[in-house]
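The structure appears below as structure tokens.
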Amino acid sequence: MGTFTAATAPRVNYINAEYGIKSWLLTKDHKRIALLYLGSISFFFFIGSLYAIAIRLELLTPQADLVQSSTYNKMFTQHGIIMVFFFLIPSIPATLGNFLVPMMIGAKDLAFPRLNLLSWYIYLAGGLITIYALLAGGVDTGWTFYTPYSTTFSNSYVVATGLGIFINGFSSILTGLNFIVTIHTMRAPGMKWFRLPLFIWSHYATSLVMVLGTPVIAITILLLAFERVAHVGIFDPALGGDPVLFQHLFWFYSHPAVYIMVLPSMGVVSEIIANFSRKNIFGYKFVAFSSLAIAVFGFLVWGHHLFVASQSVYAGMIFSFLSFAVAIPSAIKVFNWTATLYRGSISYDTPMLYALGFIGLFTVGGMTGLFLATLAVDVHVSDTYFIVAHFHFIMVGGALFGYLGGLHYWWPKISGRMYPEGWGRFSALVVFVGFNLTFLPQFVLGYLGMPRRYHVYPPEFQVLHVLSTAGASILGVGLLIPLFYLIWTLRYGPIAAANPWHLPGLEWRTSSPPPTENFETTPIVTWEAYEFAPIEEMKVIGKFRPEVDSVS
Amino acid sequence: MAEGYVATEHAASHPALQHHFENMEQQREAGTLGMWVFLVTEIMFFGGMFLAYMLFRSAYPGAFVAGSNHLDIKLGAINTGVLIVSSLTMALAVYSTQVGQRRMSVIFLIATMVLGTTFLGIKAVEYHDKYRDSLVPGKLIPGRPFNPAVQEHGAAYDEHKLHLPEGESVKHVELFYWIYFALTGVHALHMIVGIGLLSFMLYFSIRGRYSPEYHAPIEISGLYWHFVDIIWIFLFPLLYLLGRHLEHGG
Numbered sequence: 002m003g004t005f006t007a008a009t010a011p012r013v014n015y016i017n018a019e020y021g022i023k024s025w026l027l028t029k030d031h032k033r034i035a036l037l038y039l040g041s042i043s044f045f046f047f048i049g050s051l052y053a054i055a056i057r058l059e060l061l062t063p064q065a066d067l068v069q070s071s072t073y074n075k076m077f078t079q080h081g082i083i084m085v086f087f088f089l090i091p092s093i094p095a096t097l098g099n100f101l102v103p104m105m106i107g108a109k110d111l112a113f114p115r116l117n118l119l120s121w122y123i124y125l126a127g128g129l130i131t132i133y134a135l136l137a138g139g140v141d142t143g144w145t146f147y148t149p150y151s152t153t154f155s156n157s158y159v160v161a162t163g164l165g166i167f168i169n170g171f172s173s174i175l176t177g178l179n180f181i182v183t184i185h186t187m188r189a190p191g192m193k194w195f196r197l198p199l200f201i202w203s204h205y206a207t208s209l210v211m212v213l214g215t216p217v218i219a220i221t222i223l224l225l226a227f228e229r230v231a232h233v234g235i236f237d238p239a240l241g242g243d244p245v246l247f248q249h250l251f252w253f254y255s256h257p258a259v260y261i262m263v264l265p266s267m268g269v270v271s272e273i274i275a276n277f278s279r280k281n282i283f284g285y286k287f288v289a290f291s292s293l294a295i296a297v298f299g300f301l302v303w304g305h306h307l308f309v310a311s312q313s314v315y316a317g318m319i320f321s322f323l324s325f326a327v328a329i330p331s332a333i334k335v336f337n338w339t340a341t342l343y344r345g346s347i348s349y350d351t352p353m354l355y356a357l358g359f360i361g362l363f364t365v366g367g368m369t370g371l372f373l374a375t376l377a378v379d380v381h382v383s384d385t386y387f388i389v390a391h392f393h394f395i396m397v398g399g400a401l402f403g404y405l406g407g408l409h410y411w412w413p414k415i416s417g418r419m420y421p422e423g424w425g426r427f428s429a430l431v432v433f434v435g436f437n438l439t440f441l442p443q444f445v446l447g448y449l450g451m452p453r454r455y456h457v458y459p460p461e462f463q464v465l466h467v468l469s470t471a472g473a474s475i476l477g478v479g480l481l482i483p484l485f486y487l488i489w490t491l492r493y494g495p496i497a498a499a500n501p502w503h504l505p506g507l508e509w510r511t512s513s514p515p516p517t518e519n520f521e522t523t524p525i526v527t528w529e530a531y532e533f534a535p536i537e538e539m540k541v542i543g544k545f546r547p548e549v550d551s552v553s
Numbered sequence: 006m007a008e009g010y011v012a013t014e015h016a017a018s019h020p021a022l023q024h025h026f027e028n029m030e031q032q033r034e035a036g037t038l039g040m041w042v043f044l045v046t047e048i049m050f051f052g053g054m055f056l057a058y059m060l061f062r063s064a065y066p067g068a069f070v071a072g073s074n075h076l077d078i079k080l081g082a083i084n085t086g087v088l089i090v091s092s093l094t095m096a097l098a099v100y101s102t103q104v105g106q107r108r109m110s111v112i113f114l115i116a117t118m119v120l121g122t123t124f125l126g127i128k129a130v131e132y133h134d135k136y137r138d139s140l141v142p143g144k145l146i147p148g149r150p151f152n153p154a155v156q157e158h159g160a161a162y163d164e165h166k167l168h169l170p171e172g173e174s175v176k177h178v179e180l181f182y183w184i185y186f187a188l189t190g191v192h193a194l195h196m197i198v199g200i201g202l203l204s205f206m207l208y209f210s211i212r213g214r215y216s217p218e219y220h221a222p223i224e225i226s227g228l229y230w231h232f233v234d235i236i237w238i239f240l241f242p243l244l245y246l247l248g249r250h251l252e253h254g255g
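Going down the list, the sequences are from chains A and B.
Counted from 1, the first sequence has number 410 at position 409 by the working numbering; the numbering is strictly sequential.
Counted from 1, the second sequence has number 192 at position 187 by the working numbering; the numbering is strictly sequential.
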């Protein structure tokens, strides 16, 4: 079995196993569902980007020249809603996670394939309702839906948008539930918990957040919609309710939601850093448990969004302390990644460029998060562009970089084709430069006092705004390049080998693209994650397996 | 055969075994864990409303007691009994399936569904009473806003009137009723889903699909049913009982 001859007939894989639109829309194969998600989140990312372009164009000049204030309110609201709920939250889990979680643990599929397909339809239904709301007249509350503006005063489509997000939440819940059960019950023989790739650990932590947090935003939005329609009050002070309760409930989900976005990305980065340094990750257990720690701590810090919202000073101090505490597991990850690089045999392929970019940008985003966790500093920069820059560093510099890195890394496995490495590296650099030029000036803007959600500003801020808009255009070009070449590879890309990067992970021990049931036979795992010991050493310790280790 | 791989053939695989599971045990484990995780999400879903209850109860204790006292404790208590018995019949239905007594299992499933429907019927009577007294909050019912008659101080007792302690705002009673309707309404919705689930179980049980080897769906539906009952076990004291003694003693 050591030798491998190319078959003359096309091999059956998950893509050519069946044909026709029905075979895709009714598929229960996790890999096909991942592709359905990939298509739909790309579509939503495109819509969200259009809003971003419009916002940046408007901000080129200090006056309101493109749109009126009310339109501008809708633009940033819809940018936020689309990007957060319909791109960032499902991005890595629903595409890469869906594709890879079963493969990495040696399973044939997720535990509940029908629920998996259902989750995509729920996502689609939520997305379509939201798009209807945007077309019908849009929504202007900000993606945070703060009461009482959203319940009483806003004249936009709050209920329809809320309904879309409410429905979409269940797709997130189903995905998380599916991952938890799959990771618990479907691991291949020998795949012990501490042999799991870190991508799996981070998805496990993400799933916990999805399962525990999403129901809370669901009931919150439901109560908000009822309050708006039927004038029953939990949030309305006129009816004895409490608008700050809404903020508590909202951030109880929406702060952990940030970890739904960034934890999977950290999983991707752990994979790329270890594999492209060709070294076992430094401190495997620390990196694994730091994911769980982030998930747990993430639920205890929501109050740092309410430092200036009538929260008691003592509660503020505790939330401030806990928010600092989240930095510990995050820093463990960053230090362990850098320690992994040390003396590694590093190759600067596209995925690695994105991963290294992630480390830098996430560090900046995380450190500025500490500014915001500091009570006094937060009062100064609250609701300014400092916040905007901070969370874009986490969401774009973190989540999006991980997503793009992972997409390139596993593209040979997903599509069976190699992407053009030169274009890949070039676009990674363009994205990095564009991103920094867009958001670094916003830190300064915010510190100088430019409030978020305004489109008319004092003329002295214009230089920084122009820089930011220029950066956004570069970023946009950088994002368009992969869109073109990844589609191009589907037809013209060189055929990818089963294991083009020569890596030990389970997903590389099956053909590219994989067969419908992932593996010809259920694998038995006898190796640790990221086992990069040289062949000589493996022979000495008796772990050398010629049919696997000599794959080239 | 290459070293390190095993074939996944089974001596005898059950017809209900799905292709991606290795054996029935794994399939059952996955299904059960899936339901437990789902129930955790349910706890979080109800949790938002329980939080609101807790917060406003401590903010407006008097109004909440007044609202609570106006609920029909007899119907509530009967409903509690009905649900507890339905949990028993559900457990017996699972047991009968496990030991292969299909007839008994069908009878117990029907009993569970009848008890569940009884609960919903009694709940409907209660809802109607609230509608009659104009206690449905806000504009939930078009044309019949929240507008209860408040008992005059020292007037003859009238069970249709709200007994509001002095200094308490009727607005806060409305808040109580909104929380009451939200919690019991979502709970009733879960009951309806549960009865729907059980009707599938009943259909397949009659068709003889379940056996001592394969009974996971009934077991999992049972988990859901018990969970919905437990929610009510919390709702009943919180909404009907707490602070009842204050009416006459305080």
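Just so it is clear, CB atoms sit at the ideal spot from N, CA and C, and this is done for glycine as well.
Remember, predicted model here, so these are calculated numbers, not experimental data.
Contact belief for residue i with residue j at Cβ below 8 angstroms, rounded distance in angstroms
i, j, result
"I90 of chain A", "S173 of chain A", "6 angstroms"
"L140 of chain B", "P150 of chain B", "Not really, about 11 angstroms apart at Cβ, beyond 8 angstroms."
"T215 of chain A", "Y254 of chain A", "6 angstroms"
"I282 of chain A", "M192 of chain A", "Their Cβ separation, rounded to whole angstroms, is 17 angstroms, which puts I282 of chain A and M192 of chain A out of contact at 8 angstroms."
"H220 of chain B", "T102 of chain B", "4 angstroms"
"W237 of chain B", "L88 of chain B", "5 angstroms"
"A35 of chain B", "A112 of chain A", "4 angstroms"
Residue-level contact to chain B via CB, residue i, 8 angstroms cutoff
i, result
"T186 of chain A", "yes"
"P114 of chain A", "yes"
"P460 of chain A", "no"
"I347 of chain A", "no"
"T6 of chain A", "Any reading at T6 of chain A must be qualified, since the residue scores a pLDDT of 46, below 50, and its modelled position is unreliable; the value itself is stated next. By this cut-off, T6 of chain A is not an interface position."
"P216 of chain A", "yes"
"V233 of chain A", "yes"
"V13 of chain A", "no"
"K109 of chain A", "yes"
"V182 of chain A", "yes"
For residue i: DSSP bridge partner residues
i, result
"L167 of chain B", "B:V155"
"T385 of chain A", "A:P452"
"I496 of chain A", "A:R418"
"P222 of chain B", "In DSSP, P222 of chain B forms no bridge with anything."
Where the alpha helix (DSSP H) containing residue i begins and where it ends
i, result
"Q32 of chain B", "29 to 64"
"S24 of chain A", "22 to 26"
"E228 of chain A", "199 to 231"
"F554 of chain A", "In this structure chain A extends from 2 to 553, so residue 554 of chain A is not present and cannot be described."
"W303 of chain A", "Segment: none, W303 of chain A is in no alpha helix (DSSP H) and carries neither H nor E."
"T339 of chain A", "314 to 342"
"Y162 of chain B", "Here Y162 of chain B belongs to no alpha helix (DSSP H), and DSSP marks it neither H nor E."
"R115 of chain A", "114 to 137"
"D134 of chain B", "107 to 137"
"K32 of chain A", "31 to 59"
"W144 of chain A", "Careful: W144 of chain A lies outside any alpha helix (DSSP H) and carries neither H nor E."
"K193 of chain A", "First-last for K193 of chain A: undefined, no H or E at that position."
"V159 of chain A", "159 to 186"
Outcome for residue i when other beta-carbon atoms lying within 10 angstroms are tallied against a minimum of 16
i, result
"A316 of chain A", "exposed"
"E8 of chain B", "Residue placement at E8 of chain B is poorly supported in this model, since its pLDDT is 40, which falls under 50; the coordinates are not used for a value here."
"F485 of chain A", "exposed"
"Q64 of chain A", "exposed"
"S313 of chain A", "exposed"
"Y493 of chain A", "exposed"
"G172 of chain B", "exposed"
"L354 of chain A", "buried"
Beta carbon proximity, residue i to chain A, threshold 8 angstroms
i, result
"V233 of chain B", "no"
"H24 of chain B", "yes"
"W237 of chain B", "no"
"T46 of chain B", "yes"
"V42 of chain B", "yes"
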